[in-house]
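Have a look at the structure below before the remarks.
Protein chains: 2
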Amino acid sequence: MESLTIGKVARLAEVGVETIRFYERKGLIDEPPRRESGYRQYPEDTVHRLRSIRRAKELGFTLKEIKELLALRIEPATTCEDIRGRAEAKISDIEQKIRTLKSMKEALMKLTLACRGRGPVSECPVLEAMESDER
Amino acid sequence: MESLTIGKVARLAEVGVETIRFYERKGLIDEPPRRESGYRQYPEDTVHRLRSIRRAKELGFTLKEIKELLALRIEPATTCEDIRGRAEAKISDIEQKIRTLKSMKEALMKLTLACRGRGPVSECPVLEAMESDER
DNA sequence: ATAAAGCCTGTACTATACTACAGAGTCAAG
DNA sequence: CTTGACTCTGTAGTATAGTACAGGCTTTAT
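Residue numbers (this note's numbering), protein chains in the order written: chain Z, 6 to 140; chain H, 6 to 140.
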């Protein structure tokens with residue numbers, strides 16, 4: 006078990022040192038043990054957690070939501086019912102996101118085809134796609 | 006062709022009046038014509054545009070990106086090549102998002118199954134999924 | 001005709017998610 | 001054993017995306 010300084014973790018996870026301390030304050034990562042000097046000592050898997058957070062962020066989840074997602078693993082098994090409920094809610098959330106992304110993708114593909122064929126692109130299929138996804 | 010006041014548009018699009026003016030300043034929606042009194046007069050399709058913007062935002066696109074997406078329709082046909090390039094870039098972007106969302110969804114489904122079966126949920130499949138999606 | 005509701009500009013404030021110091025102590029390579 | 005890179009806490013500043021007035025004119029319903 007190697008242990009890493011904050012700077013090393015930052016470099017490996019491709020985030021800023023300040024970001025790590027910020028996430029710690031926000032409860033997204035655990036407070037790591039310290040040496041006598043006060044320096045934080047991180048286990049290697051913190052790097053993965055940070056990368057996970059970054060990825061989830063790119064998907065449009067807020068830090069608050071990400072915290073919830075990550076919390077699903079550490080909750081005691083006694084609240085299993087609740088965990089399942091929350092996981093299922095996240096699943097429909099994700100499914101909705103996928104559906105909307107798919108229709109946007111199709112719209113964009115139509116657009117590129119129209120471009121390829123040199124046809125007129127007066128109407129906006131992107132807009133259409135996003136509009137047709139109303140619930 | 007009905008024309009709508011800002012308040013009506015806001016109600017129909019389910020956004021705030023201030024948000025519409027904000028989007029106008031940011032160039033996400035066109036400056037509408039005004040009456041003599043200075044009141045904005047919107048065409049009906051502004052409502053759809055606003056809903057589109059809201060949906061794109063939920064997918065993790067920033068206003069800047071949304072502006073780009075919307076701009077794809079109004080660019081003159083002369084830059085067709087460029088439009089196609091940008092559309093294709095957005096498509097791979099979207100595909101990546103979909104892939105990551107799918108693996109998150111699968112992870113969450115595993116989690117709910119584990120819960121259903123009352124099995125131990127010590128490891129975090131959500132985290133795993135997000136981690137295994139590294140490029 | 002008058003009052004409530006709506007709209008105008010402009011500025012200021014909020015939440016989220018960082019990012020950047022300041023000032024002081026710590027570590028490690030030559 | 002020093003010096004430069006690193007870390008600490010704490011506070012302040014930035015970008016994004018709104019949100020909330022203030023003070024004043026306009027519409028509309030009664």
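In this text, a Cβ means the ideal position worked out from N, Cα and C, and glycines have one as well.
query: Along the alpha helix (DSSP H) that carries F66(H), what are the first and last residues, could you check?; result: Element bounds for F66(H): n/a, residue is neither H nor E.
query: Work out the CA separation of F66(Z) and G65(H) for me, nearest whole Å.; result: 8 angstroms
query: Which class does T83(H) belong to by DSSP, given the choice of helix, strand or coil?; result: Low confidence applies to T83(H): its pLDDT is 46, below 50, so where it sits in the model is not reliable, and the reading given next is rough at best. It is helical.
query: Identify the residues that DSSP records as bridge partners of R45(H): which are they?; result: R39(H)
query: Going by CA-CA distance only, name the one from E100(H), S108(H) and R26(H) that's closest to T3(Z).; result: Missing from the structure shown is residue 3(Z); chain Z here goes from 6 to 140 and no further.
query: Can you tell me whether K4(H) is buried or exposed? The criterion is at least 16 other CB atoms within 10 Å of its CB, across all chains shown.; result: The question about residue 4(H) has no answer here: the residues shown for chain H are numbered 6 through 140.
query: Counting only beta-carbon separations shorter than 7 angstroms, does R60(H) have a partner in chain Z?; result: yes
query: What residues of chain Z sit near L106(H), judged by a beta carbon separation below 8 angstroms?; result: L64, I99, K102, I103 and L106
query: Should A61(Z) go down as buried or exposed, given a rule of 16 or more other Cβ atoms within 10 Å for buried?; result: buried
query: Hey, how far is the Cα of G12(Z) from the Cα of R39(H)?; result: 56 angstroms
query: Under a three-way DSSP split, which group does L9(H) fall into?; result: strand
query: State buried or exposed for S57(H), treating a residue as buried only when at least 16 other CB atoms are found within 10 Å of its CB.; result: buried
query: At the level of alpha carbons, what is the spacing between T24(Z) and K95(H)?; result: 28 angstroms
query: What distance in whole Å lies between the Cβ atoms of I103(H) and K115(Z), which are believed to be in contact at a cut-off of 8 angstroms?; result: Actually they do not touch by this definition, with Cβ atoms about 17 angstroms apart.
query: Using a Cβ-Cβ cutoff of less than 7 angstroms, which residues in the same chain neighbour V20(Z) once the five nearest sequence positions on both sides are dropped?; result: L55 and R59
query: Taking any Cβ of chain Z, which residues in the stretch 39–58 of chain H have a Cβ under 8 angstroms from it, in chain order?; result: H53, R54, R56 and S57
query: Could you check the C-alpha separation between S97(H) and E111(Z) for me, to the nearest Å?; result: 12 angstroms
query: On a Cα-Cα basis, can you pick out the residue from R89(Z), T10(Z) and L118(Z) that is closest to G43(Z)?; result: T10(Z)
query: Might you give, ordered along the chain, the residues of its own chain that have their beta carbon closer than 7 angstroms to the beta carbon of E29(H), omitting 5 neighbours on each side?; result: E36
query: Using a Cβ cut-off of 9 angstroms, pull out every chain H residue sitting near K110(Z), in sequence order please.; result: K95, I96, I99, E100 and I103
query: Specify the secondary structure class of I34(H) as computed by DSSP and reduced to three states.; result: coil
query: Compare the C-beta of T83(H) against all C-beta atoms of chain Z and say whether one is closer than 7 angstroms.; result: Low local confidence applies: a pLDDT of 46 at T83(H) is under 50, so the model's placement there is unreliable, and no value is given.
query: Using the beta-carbon count (16 or more within 10 Å), is L118(H) buried or exposed?; result: exposed
query: I want to verify the contact list: residues of chain H whose CB lies under 9 angstroms from the CB of L113(Z), in sequence order.; result: L74, L77, A92, E93, K95, I96 and I99
query: Pick out whichever of S8(H), R89(H) and K72(H) has its Cα sitting closest to the Cα of Q46(H).; result: S8(H)
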